[in-house]
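Chains as they are written, first to last, in the numbering used here: chain A, 3 to 227; chain B, 3 to 227; chain C, 3 to 227; chain D, 3 to 227.
Number of protein chains: 4
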Amino acid sequence: MPEAPDTEEQAGPAQPRRRQARGERRIAQLLEAAAGVFCRSGYTAASTNAIAREAGVSPGTLYQFFPNKEAIAVELGGRLMQRWRETHGAAFDAIDPSLPLDELLDSVLDPLIEFNCENPAFAVLMHGSEIPGRITEEHDAVHSALLERVERILGDFLPDAAPAELSRIANMTFSSVKGGLELILAHEGTERDAYKVELKTMVQRYLGPLVDAAPEPADARTHTP
Amino acid sequence: MPEAPDTEEQAGPAQPRRRQARGERRIAQLLEAAAGVFCRSGYTAASTNAIAREAGVSPGTLYQFFPNKEAIAVELGGRLMQRWRETHGAAFDAIDPSLPLDELLDSVLDPLIEFNCENPAFAVLMHGSEIPGRITEEHDAVHSALLERVERILGDFLPDAAPAELSRIANMTFSSVKGGLELILAHEGTERDAYKVELKTMVQRYLGPLVDAAPEPADARTHTP
Amino acid sequence: MPEAPDTEEQAGPAQPRRRQARGERRIAQLLEAAAGVFCRSGYTAASTNAIAREAGVSPGTLYQFFPNKEAIAVELGGRLMQRWRETHGAAFDAIDPSLPLDELLDSVLDPLIEFNCENPAFAVLMHGSEIPGRITEEHDAVHSALLERVERILGDFLPDAAPAELSRIANMTFSSVKGGLELILAHEGTERDAYKVELKTMVQRYLGPLVDAAPEPADARTHTP
Amino acid sequence: MPEAPDTEEQAGPAQPRRRQARGERRIAQLLEAAAGVFCRSGYTAASTNAIAREAGVSPGTLYQFFPNKEAIAVELGGRLMQRWRETHGAAFDAIDPSLPLDELLDSVLDPLIEFNCENPAFAVLMHGSEIPGRITEEHDAVHSALLERVERILGDFLPDAAPAELSRIANMTFSSVKGGLELILAHEGTERDAYKVELKTMVQRYLGPLVDAAPEPADARTHTP
DNA sequence: GATGAATGAGGATTCATTCAT
DNA sequence: TATGAATGAATCCTCATTCAT
């Protein structure tokens with residue numbers, strides 16, 4: 003994707019094509035820089051000048067591609083979501099609700115954890131517009147998209163749950179996962195691995211009874227035999 | 003801390019206090035204003051001028067009582083912790099480990115939830131120095147104090163757990179509680195109540211197996227039969 | 003002087019007397035504090051709050067005795083000049099112009115040096131209103147008084163010199179002495195002593211030829227024959 | 003120092019300079035403004051806003067080129083020293099120690115005086131960090147560089163002097179010259195000229211005996227036999 | 001497009017000074 | 001008197017954003 007060998011076409015669309023190629027690189031550069039700065043300082047404390055500096059371009063250049071600071075976060079979130087969907091989206095869409103919960107959670111959480119470790123900015127954006135006035139809610143792509151996805155998955159398992167209850171459970175689950183991811187990212191090595199396990203354990207325990215109680219009256223027993 | 007009266011008089015603290023009465027009121031006023039602004043904008047985006055304005059005083063007055071912005075957060079955290087201890091600390095210190103988990107959690111979480119609903123800034127400060135360089139860790143009284151308390155309580159239940167494991171479980175629990183509190187605060191009325199229940203359920207499910215497995219080989223059964 | 007045992011008189015002048023006694027102590031306290039702060043930070047960077055703090059009183063109290071910051075410097079200068087006059091003024095007024103120059107300089111510079119070492123603020127104020135707009139010239143008691151004194155002494159030695167020339171020589175001499183005093187104060191121990199000697203040597207060499215050439219037709223040899 | 007172009011291009015410094023031309027002009031403008039403000043108010047009382055205003059730019063522009071107030075003084079000092087070296091440095095390095103003292107002093111002091119009259123800020127910066135905490139010593143380029151130069155020149159004349167003595171004499175000389183320059187700048191027209199002569203006379207008289215007594219066993223007469 | 005200069009409002013903080021008690 | 005609270009303009013400096021080249 004970053005390499006579009008821009009064949010010299012006639013006249014009209016040639017220039018834009020070349021431009022867009024260079025522009026794409028710039029944008030990617032800027033977003034990568036933004037990811038770093040957001041992680042280090044948080045959205046509010048991150049300065050567009052710092053992002054431009056980190057990207058090795060001038061402030062003016064940054065504003066040639068983004069109308070303002072928020073747009074950077076929005077676009078970064080959009081791209082990370084996109085990358086997430088490309089990498090793990092298929093698996094997500096094809097979740098098999100008949101799987102035992104622990105396997106299902108593994109199939110969901112393992113990629114999510116891995117993706118967050120590789121893209122720590124994802125976690126930052128995942129938290130969404132905690133503070134009103136920062137990133138407008140409707141612009142908070144990552145948070146709402148993931149939450150919706152969680153809700154949908156849960157809906158498959160709990161078809162009888164009222165929408166409000168579903169939303170509540172999804173929010174609760176997602177909130178815990180976000181917290182767990184933060185802890186995971188805050189640690190390293192074996193400690194990090196232990197937190198990964200712990201997060202999955204927690205989610206399993208939380209959702210286990212719900213799932214067990216609901217569709218399949220299987221002989222599901224405790225999750226840590 | 004903001005006031006060191008150091009009068010070389012002999013008398014008690016009565017005389018010097020009269021002068022400070024106004025100041026004490028101002029401090030309370032400023033902290034209340036800070037609580038509001040912190041809740042609305044978060045620590046980073048909160049401006050001392052905004053706090054002063056909200057308190058109805060000039061910027062200079064604010065700095066008569068606090069040396070800088072962080073000190074405001076620290077003092078606010080300190081006061082909230084103090085209030086928390088005064089209101090619910092005794093109950094916390096006297097937790098009866100022989101209680102069934104759900105009762106124990108009620109005795110811990112109900113007050114915590116109530117306190118957060120009454121003091122929403124508590125939740126803000128509870129999150130601690132998410133971003134390195136904001137509020138210094140050692141100054142992050144609320145977060146570390148509560149985390150330590152959680153760890154201690156858990157230690158009573160899991161005397162055989164390794165320290166690292168204990169810390170992990172405490173962090174995980176605390177993280178989830180923080181997330182849950184955020185959700186509670188983000189909702190109102192019956193929805194808020196439902197979230198309260200949900201949070202307790204989640205913590206119960208997470209800790210239940212740990213506790214059951216540990217000291218008392220009682221006939222404890224799952225909590226959602 | 004600081005101790006006026008205020009005997010209880012009738013009515014009218016009793017109160018003021020007592021007040022003045024306490025006030026005198028306060029003023030002395032404040033001026034001493036100001037001396038310290040001026041030495042440490044210079045006049046511009048010295049804050050009235052810092053002076054009050056150093057004096058152990060409140061800002062309000064300071065302004066009960068001085069209308070503004072400049073007045074503090076002016077009064078401090080006045081008092082130091084007063085002390086200077088009381089201690090060494092007599093000797094100065096009774097300078098014997100028939101003395102050989104080196105003895106005369108000793109009789110002038112030795113006390114001046116000693117006084118400056120004991121009252122470092124004197125040197126600070128001696129420099130006068132280097133910067134227009136700080137301490138108004140007419141308020142710069144120390145500088146102008148000392149300069150005038152130097153001029154008068156020199157006038158005794160050089161009765162034939164034109165006023166402008168006299169003023170020039172006085173300024174030059176005074177300027178060098180100020181510089182030398184700064185160096186003296188900047189050093190300690192034997193190095194300080196060496197600077198004392200050096201300063202006197204310099205002044206002697208500067209004034210020697212002038213004095214020699216003037217009243218007494220001695221066998222003075224000049225360095226620029 | 004304020005500009006690190008770091009273009010990864012191959013070309014010479016021609017291209018990158020074109021962009022900086024405006025900036026270079028701004029820097030010069032700002033430094034000129036700073037020189038004026040420093041002269042009028044002194045370093046401490048000079049405000050960056052005042053400098054920006056004097057330069058006809060906004061505060062932000064100033065900070066695009068200088069990280070803080072001290073850096074302005076440092077750069078100004080550096081440029082003035084540079085200009086000084088370019089204009090008179092060669093003559094200084096090629097001082098002929100066999101010259102008679104008065105000619106030598108002329109060759110040193112005349113340019114110095116002239117340079118100070120043309121660049122009054124030089125005198126301000128020459129005084130160095132009189133007050134601890136203002137301009138850090140190591141940043142006080144003008145003062146230390148000139149003092150060192152004086153010391154070196156004197157060293158040529160007094161090869162047998164102990165280092166401490168040399169330093170003392172250099173300090174004394176430099177201090178007097180600074181004082182004299184101040185007086186020169188404080189006057190105008192013929193009075194200024196007269197002060198110029200007076201300063202040279204004073205230095206000559208101070209150093210004459212030292213020099214005479216040292217290398218050339220001339221028939222020098224000292225005033226303190 | 002790219003650059004870096006420019007902006008000016010705003011942020012934290014200080015300070016001389018005044019006021020209420 | 002003395003205190004300490006109060007003020008608000010001014011300080012240094014930053015930042016999102018715009019402009020000229």
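Glycine included, every Cβ here is placed at the ideal spot set by N, Cα and C. Treat the numbers as computed from the prediction; the structure is a model and nothing was measured.
Residue 143 of chain C (DSSP reduced to helix, strand or coil): For the purposes of this step, residue 143 of chain C is taken as the residue at position 141 of the third sequence. DSSP places residue 143 of chain C in helix when its eight states are reduced to three.
Please give the ranges of any alpha helix (DSSP H) in the region 33 to 111 of chain A, keeping only runs that are unbroken, at least 4 residues long and fully inside the region. DSSP runs (the alpha helix (DSSP H)) wholly in the region 33 to 111 of chain A: 50 to 57, 61 to 67, 71 to 86 and 92 to 95.
Tell me whether residue 209 of chain C sits in a helix, a strand or coil according to DSSP, three-state version. The residue labelled residue 209 of chain C in the question sits at position 207 within the third sequence. Note: residue 209 of chain C maps to helix in three-state DSSP.
What's the gap between the Cα of residue 65 of chain C and the Cα of residue 57 of chain C? Counting from one through the third sequence, the residue named residue 65 of chain C turns up at place 63. Counting from one through the third sequence, the residue named residue 57 of chain C turns up at place 55. Using only the alpha carbons, I get a separation of about 13 Å.
Other residues of its chain near residue 169 of chain A: CB distance less than 7 Å, five sequence neighbours each side excluded: Along the first sequence, one-based indexing puts residue 169 of chain A at 167. Cβ-Cβ distances below 7 Å link residue 169 of chain A to 153 in the same chain, with the five nearest sequence neighbours on each side left out; the list follows chain order.
Please check if any C-beta of chain C sits within less than 8 Å of the C-beta of residue 44 of chain D. As a position in the fourth sequence, residue 44 of chain D is number 42, starting the count at 1. Yes - at least one Cβ of chain C is within 8 Å of the one on residue 44 of chain D.
According to DSSP, is residue 121 of chain A part of a helix, a strand, or is it coil? Residue numbering aside, residue 121 of chain A sits at position 119 when the first sequence is read from its first letter. Coil, per DSSP.
Considering only residues of the same chain and omitting the five flanking positions on each side of residue 128 of chain B, which have a CB-CB separation below 7 Å? Here residue 128 of chain B corresponds to residue number 126 of the second sequence, with the count starting at 1. Correct list, in chain order: 144, 145, 148 and 180.
Any Cβ of chain A within less than 8 Å of the Cβ of residue 181 of chain B? In the second sequence, the residue the question calls residue 181 of chain B occupies position 179. Yes, because at least one Cβ of chain A sits closer than 8 Å to the Cβ of residue 181 of chain B.
Quick check: the Cα distance between residue 74 of chain A and residue 43 of chain A, rounded to an integer number of angstroms? Start at 1 with the first residue of the first sequence, and residue 74 of chain A comes out as number 72. Start at 1 with the first residue of the first sequence, and residue 43 of chain A comes out as number 41. Approximately 15 Å, taken between the alpha carbons.
Are residue 101 of chain D and residue 206 of chain D touching if we call contact CB-CB under 8 Å? Taking the fourth sequence and counting its residues from 1, one reaches residue 101 of chain D at position 99. Taking the fourth sequence and counting its residues from 1, one reaches residue 206 of chain D at position 204. Contact flag unset, no.
To which residues of the same chain is residue 54 of chain A closer than 8 Å at the C-beta, ignoring the five residues directly before and after it? Translated into the one-based positions of the first sequence, residue 54 of chain A becomes position 52. 32, 35, 60, 61, 63 and 64, listed in sequence order.
Helix, strand or coil: how does DSSP classify residue 190 of chain A here? Position 188 of the first sequence holds residue 190 of chain A. Annotated three-state conformation of residue 190 of chain A is coil, per DSSP.
If you reduce the DSSP assignment to three classes, tell me which class residue 161 of chain A lands in. Position 159 of the first sequence, counted from the first residue, corresponds to residue 161 of chain A. DSSP places residue 161 of chain A outside both helix and strand once states are collapsed to three, so it counts as coil.
With H, G and I counted as helix, E and B as strand and the rest as coil, what does DSSP make of residue 130 of chain B? Your numbering for residue 130 of chain B matches position 128 in the second sequence. Three-state result, residue 130 of chain B: coil.
Give a yes or no on whether the minimum CB-CB distance between residue 196 of chain A and chain B is below 8 Å. Indexing the first sequence from 1 puts residue 196 of chain A at position 194. Residue 196 of chain A belongs to the set of residues whose beta carbon lies under 8 Å from a beta carbon in chain B.
Alpha carbons only, please: which of A:210, A:177 and A:26 is nearest the one belonging to residue 81 of chain A? Sequence index remark: in the first sequence, residue 81 of chain A carries index 79 (1-based). Answer by Cα proximity: A:26.
So which residues on chain B does residue 65 of chain A lean against when the C-beta distance must stay under 9 Å? Stepping through the first sequence from its first residue, residue 65 of chain A is reached at position 63. Correct list: empty, because the minimum Cβ distance to chain B is about 21 Å.
Using a Cβ cut-off of 8 Å (strictly closer), state whether residue 27 of chain B contacts chain A. Indexing the second sequence from 1 puts residue 27 of chain B at position 25. For residue 27 of chain B, no Cβ of chain A is located within less than 8 Å of the residue's own Cβ.
Count the other CB atoms, across all protein chains shown, that sit within 10 Å of the CB of residue 30 of chain B; report buried if there are 16 or more and exposed otherwise. Counting from 1 along the second sequence, the entry for residue 30 of chain B is found at position 28. Per the 10 Å Cβ criterion, exposed.
For residue 161 of chain B, is the classification buried or exposed, using 16 other Cβ atoms within 10 angstroms of its Cβ as the cut-off for buried? Residue 161 of chain B sits at position 159 when you count from the first residue of the second sequence. It counts as exposed.
So is residue 182 of chain D buried or exposed if we call it buried at 16+ other beta carbons inside 10 Å? Along the fourth sequence, read from residue 1 onward, the residue named residue 182 of chain D stands at position 180. The residue in question, residue 182 of chain D, is buried, as its Cβ has 16 or more Cβ neighbours within 10 Å.
Under a CB-based cut-off of 8 Å, is residue 100 of chain A close to chain B? Taking the first sequence and counting its residues from 1, one reaches residue 100 of chain A at position 98. No, because no Cβ of chain B sits closer than 8 Å to the Cβ of residue 100 of chain A.
Thinking C-alpha only, which one of D:40, D:22 and D:28 is nearest residue 124 of chain D? Numbered from its first residue, the fourth sequence carries residue 124 of chain D at position 122. Among D:40, D:22 and D:28, the Cα nearest to that of residue 124 of chain D belongs to D:40.
From residue 76 of chain A to residue 49 of chain A, what distance separates their C-alpha atoms? Here the question's residue 76 of chain A lines up with position 74 in the first sequence. Here the question's residue 49 of chain A lines up with position 47 in the first sequence. Cα to Cα, the separation comes out at about 15 Å.
Of all the CB atoms in chain D, is at least one closer than 8 Å to the CB of residue 160 of chain C? The count along the third sequence starts at 1 and reaches residue 160 of chain C at position 158. False, the Cβ-Cβ gap to chain D never drops below 8 Å.
Using a Cβ cut-off of 8 Å, pull out every chain B residue sitting near residue 200 of chain A, in sequence order please. Here the question's residue 200 of chain A lines up with position 198 in the first sequence. Under a criterion of Cβ atoms nearer than 8 Å, the residues of chain B adjacent to residue 200 of chain A are, in order, 170, 171 and 174.
Does the Cβ-Cβ distance between residue 67 of chain C and residue 24 of chain C come in under 8 Å? For the purposes of this step, residue 67 of chain C is taken as residue 65 along the third sequence, with counting starting at 1. For the purposes of this step, residue 24 of chain C is taken as residue 22 along the third sequence, with counting starting at 1. Residue 67 of chain C places its beta carbon 8 Å or farther from that of residue 24 of chain C.
Output yes if chain C places a C-beta closer than 8 Å to the C-beta of residue 47 of chain D; else output no. Here residue 47 of chain D refers to the residue found at position 45 of the fourth sequence. At least one CB atom of chain C sits nearer than 8 Å to the CB of residue 47 of chain D.
Presumed contact (8 Å Cβ cut-off) between residue 155 of chain D and residue 97 of chain D, rounded CB distance: Walking along the fourth sequence from the start, residue 155 of chain D turns up at place 153. Walking along the fourth sequence from the start, residue 97 of chain D turns up at place 95. 6 Å between Cβ atoms; contact.
How big is the Cα-Cα spacing for residue 121 of chain D and residue 142 of chain A? As a first step, residue 121 of chain D must be located in the fourth sequence, where it is residue number 119. As a first step, residue 142 of chain A must be located in the first sequence, where it is residue number 140. Taking the straight line from one Cα to the other gives about 58 Å.
Whether residue 178 of chain D touches residue 208 of chain D by CB criterion (8 Å): On the fourth sequence, position 176 is the one that residue 178 of chain D refers to. On the fourth sequence, position 206 is the one that residue 208 of chain D refers to. Remark: C-beta atoms of residue 178 of chain D and residue 208 of chain D approach each other more closely than 8 Å.
Would a check of beta-carbon distances place residue 184 of chain B closer than 8 Å to chain A? By one-based count along the second sequence, residue 184 of chain B stands at place 182. Interface residue, yes.
Using a C-beta to C-beta distance shorter than 9 Å, which residues of chain A count as neighbours of residue 178 of chain B? Counted from its first residue, the second sequence places residue 178 of chain B at position 176. Near residue 178 of chain B (Cβ distances below 9 Å), the residues of chain A are 174, 177, 178, 181, 182, 204 and 208.
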